[in-house]
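A short worksheet on the structure shown next.
There are 2 protein chains.
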Amino acid sequence: MDIKASGELKAGVNLPASGTVSTINDVARLAGVSIKTVSRVMNNEPNVRAETRTKVQEAANLLHYRPNLLARSLAGARSFLIGIFYDNPNPSYINSVQNGVIRRCRENGYHLLIEPQDAHSPDLERNIAGLLATIRLDGVILTPPLCDMAVVLHAVEAAGVPYVRISPFLNPGRSPTVRMDEARAAYEMTQHLIEMGHRDIGFVLGHPEHGGAHLRYQGFTKALSEAGITPRPDWVKQGFFSYESGVDAGKAFFEAGKSRPTAIFSSNDYMAFGIMGVAQQMGIRIPEDVSICGFDDAPGSILIWPHVTTIRQPVEDIAYAAAEVLLARDEGEDGEKRDTDRLLPFELIKRNSVRAI
Amino acid sequence: MDIKASGELKAGVNLPASGTVSTINDVARLAGVSIKTVSRVMNNEPNVRAETRTKVQEAANLLHYRPNLLARSLAGARSFLIGIFYDNPNPSYINSVQNGVIRRCRENGYHLLIEPQDAHSPDLERNIAGLLATIRLDGVILTPPLCDMAVVLHAVEAAGVPYVRISPFLNPGRSPTVRMDEARAAYEMTQHLIEMGHRDIGFVLGHPEHGGAHLRYQGFTKALSEAGITPRPDWVKQGFFSYESGVDAGKAFFEAGKSRPTAIFSSNDYMAFGIMGVAQQMGIRIPEDVSICGFDDAPGSILIWPHVTTIRQPVEDIAYAAAEVLLARDEGEDGEKRDTDRLLPFELIKRNSVRAI
DNA sequence: GCTTTTTTTGACAGCGCTGGCAAGACAAAC
DNA sequence: GTTTGTCTTGCCAGCGCTGTCAAAAAAAGC
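If you read the protein sequences in the order shown, they are chains Z and U. Heads up: take any position in the first sequence, counting from 1, add 904, and you land on the working numbering. Heads up: take any position in the second sequence, counting from 1, add 904, and you land on the working numbering.
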């Protein structure tokens, strides 16, 4: 490394042993400037002479200097920490959210703290409030069902921490949100079934605590009524997004001696899998006897035959966008990405579980 | 709240507005003691008079005081932050690990930072070293395949951060580890197949970068040789833990005109699913024509028929135990839980994919 | 009673960094 | 030339807490 190239680093300063952490002081001494100037360079602040900047950067490189995040947080206004709160049993969903958020965080040197919470705990609000008092997070991301809980919103707002909600159902406009248009997706899926000739369509509701469940049902009924089809109440079954609840719904649909729909729209894939499992056991063929479609594009779908027609949610992209809203102020992009309700596109994936009749 | 009950809190001190964060100073003033004493109480240090302790606790409660984690970290020796590094595409595995670690962390007020890494990045070592220099973590948890990579171990050791490896393959004794006995599990699974009358047993190897893959194969061959069975090299197929590689292996096994084993032991469930998918397409019945067993008890197994015989790994418990080793010094339990190689029990789950012949 | 030991408490420095402000350097304007 | 304005840089305080050490208080010993 050619030090002389720009300015002169102080001679005779000991270089660090491997594994030693060097502080801003070491860099300042080596570069022959004040620590404040080093701080300016490390934070990309303006008003530093190009020559000085280079000199500091070289010293920092030489010492393998990395600013101490904790000290920065304590002294400054930012903690470089984003938190994500969730209570969701679906590992693949959570994993996608985490990956999306982390991908965006890394671009700005932020780190991610994960904080699973029990949505039914009576201490939920206290837990969140305590957590936010303990760690001054720069932003919080809320996923369903927490993002629709009054106590959660209240705790985060009281702490004054910026937050973004992913796929909320209630309180639009109360915070920035990122989501896809679930009602629209369900609407289009239903239209697809209708186009395929189905008019006797059953529906399995999702977990009532998840806002998305309601939106999906809304989209379904809207498409039905626009097509002049009157939904049959006994063909709408309550589910809870789980495989087992899908099994129950399937049993109810396929009960002997009853008429059954020609297609069933399940609010998510897991329940669709449950229905398909029951169908197989009862000798009901899919899609020959009943068409099935789901929602979410769950990863298990390649395991079962036929592959289910479903809606793909861009979960990771949504999470990335959510983190983006939180980090936007770093870039100074005020109006553009903040205080928004961002809608990301979904995808209707046609596979083999729906047939034309 | 009866303040007078023990000591007298200072009168005339303003209570905080909702959402305001109070500092150790506020508590000290209200309780009429020095901040150092408050610090002692908050950290459960000895040598505080019971009466004083109560007085401080009441003041802290009244003010909803929560110590600032960042300030504690900077001033003290601990950061209350644990990091987990991973590069694993399996969401359910990662999720279990996270949940186990968090469960243990919460007991001591620690928080979890997740740091997915690209195992094949040329910057891996630099990334980890930089990260550890930026945030002084109190401990790091390494999962496969990172836990077997020299550069990763080197980076963590150079930073002087305590770490625990989950299910490592190489370098036993280099750090505390937590795992289950994968070789033993594979051994017992193979014995089970042999007991069921199988002597012609195929094997699908796992990803060569994952140590567990080798251990599973070792257990397999050991059981075979103990039973006096000579393994056929052409019945050992290379897989990569993915569904697709299982499909490939299945095709190879079931190629027309060739003799095939009566049972196939797949190094994990996803590959077993792939094999079963191929079998179904080719009209090969399971378990009538071929018995199949897997490893890991992947969540998708309830979706496919027959349910696969497999090994259940107590992933969450392993992760919990790993965090425990890291936090053990908080409890002062030196010899007991540190510097150990903890082995957790597995479970052989017999389902319908293996039949006696 | 007094002295010695132990327990309890507080003063103070400082962790590594940033924010505010003022001083110094330099260029532009008069 | 001097004055004004702008750009660079450094000084200092302090973020909220813990570690060290010494002082004060209480308990124990004689």
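C-beta: ideal position from N, C-alpha, C; glycine also.
Check: Pairwise C-alpha distance: P1076 of chain Z and A1037 of chain Z; Outcome: 26 Å
Check: Rounded separation between L1247 of chain U and R1088 of chain U - CA only; Outcome: 11 Å
Check: R1040 of chain U in three-state terms, based on DSSP; Outcome: coil
Check: Backbone secondary structure at S1257 of chain U - three-state DSSP; Outcome: coil
Check: Span of the alpha helix (DSSP H) around F890 of chain U; Outcome: The structure shown does not extend to residue 890 of chain U, since chain U is modelled only from 905 through 1261, so no value can be given for it.
Check: Whole-angstrom distance between R1255 of chain U and R1120 of chain U, CA atom to CA atom; Outcome: 20 Å
Check: Members of the region 983-1010 of chain U near chain Z, C-beta cut-off 8 Å; Outcome: S983, P995, S996, I998, N999, S1000, Q1002, N1003, I1006
Check: Chain-ordered neighbours of G1154 of chain Z on chain U, where CB pairs are closer than 7 Å; Outcome: Ordered by position in chain U, no residue passes the 7 Å Cβ test against G1154 of chain Z, which lies about 14 Å from the chain.
Check: DSSP beta-bridge partners of H1015 of chain Z; Outcome: Z:L985
Check: Assigned exposure category for A1059 of chain Z - 16 Cβ within 10 Å defines buried; Outcome: buried
Check: N- and C-terminal bounds of the beta strand (DSSP E) containing V937 of chain U; Outcome: Note, V937 of chain U: premise wrong, no beta strand (DSSP E); not H, not E.
Check: The region 1029-1048 of chain Z: positions lying closer than 7 Å to chain U by Cβ; Outcome: G1034, A1037, T1038, I1039, R1040
Check: Every unbroken alpha helix (DSSP H) inside the region 1094-1168 of chain Z [4 residues or more]; Outcome: 1115-1130, 1147-1157
Check: Start and end residues, alpha helix (DSSP H) containing L1248 of chain U; Outcome: Not the alpha helix (DSSP H): L1248 of chain U falls in the beta strand (DSSP E), residues 1245-1248.
Check: Any C-beta of chain Z under 8 Å from that of H1096 of chain U; Outcome: no
Check: Status (buried if at least 16 other CB within 10 Å, exposed otherwise) for D1173 of chain Z; Outcome: buried
Check: Where T924 of chain Z sits in the DSSP three-state scheme; Outcome: coil
Check: Contact between the region 992-1011 of chain U and the region 1205-1224 of chain U (3+ Cβ pairs under 8 Å); Outcome: yes
Check: Whole-angstrom distance between Y1014 of chain U and Q1122 of chain U, CA atom to CA atom; Outcome: 38 Å
Check: Length of the line joining the Cα atoms of P1191 of chain Z and K1126 of chain Z; Outcome: 24 Å
Check: Chain Z within 8 Å of G1247 of chain U, Cβ atoms only; Outcome: The sequence given here has Leu at residue 1247 of chain U, not Gly. No, L1247 of chain U lies away from the interface with chain Z (no Cβ there is under 8 Å from its Cβ).
Check: Residue from U:F1144, U:G980, U:I1039 with nearest C-alpha to P971 of chain Z; Outcome: U:I1039
Check: Span separating the alpha-carbon of L1046 of chain Z from that of F1124 of chain U; Outcome: 46 Å
Check: N-terminal and C-terminal residue of the alpha helix (DSSP H) that V1082 of chain U is part of; Outcome: That residue, V1082 of chain U, is in no alpha helix (DSSP H); its beta strand (DSSP E) goes 1081-1084.
Check: Best match in Z:V1212, Z:G1116, Z:V1258 for proximity to I1098 of chain Z [C-alpha to C-alpha]; Outcome: Z:V1258
Check: Alpha-carbon to alpha-carbon, R1030 of chain Z and F1107 of chain U; Outcome: 52 Å
Check: Beta carbon of A1183 of chain U nearer than 8 Å to that of G1154 of chain U; Outcome: yes
Check: Residues within the region 1172-1192 of chain U neighbouring chain Z, beta-carbon criterion of under 8 Å; Outcome: F1177, G1181, Q1184
Check: First and last residue of the uninterrupted beta strand (DSSP E) at V1068 of chain Z; Outcome: 1067-1070
Check: Local conformation of E1251 of chain U per DSSP, three classes; Outcome: strand
Check: 8 Å Cβ cutoff, N1079 of chain U in contact with chain Z; Outcome: Checking the sequence, you will find Ser at residue 1079 of chain U rather than Asn. So, not an interface residue.
Check: Chain Z contact for R970 of chain U (CB, 8 Å cutoff); Outcome: yes
Check: Proximal chain Z residues relative to A975 of chain U, where beta-carbon distance stays under 8 Å; Outcome: L978
Check: Contact residues within the region 1204-1235 of chain Z, judged by C-beta distance below 8 Å to chain U; Outcome: G1204, I1206, L1207, I1208, W1209
Check: Residue range of the unbroken beta strand (DSSP E) whose run includes S1195 of chain Z; Outcome: 1195-1197
Check: Beta carbon proximity, I1018 of chain U to chain Z, threshold 8 Å; Outcome: yes
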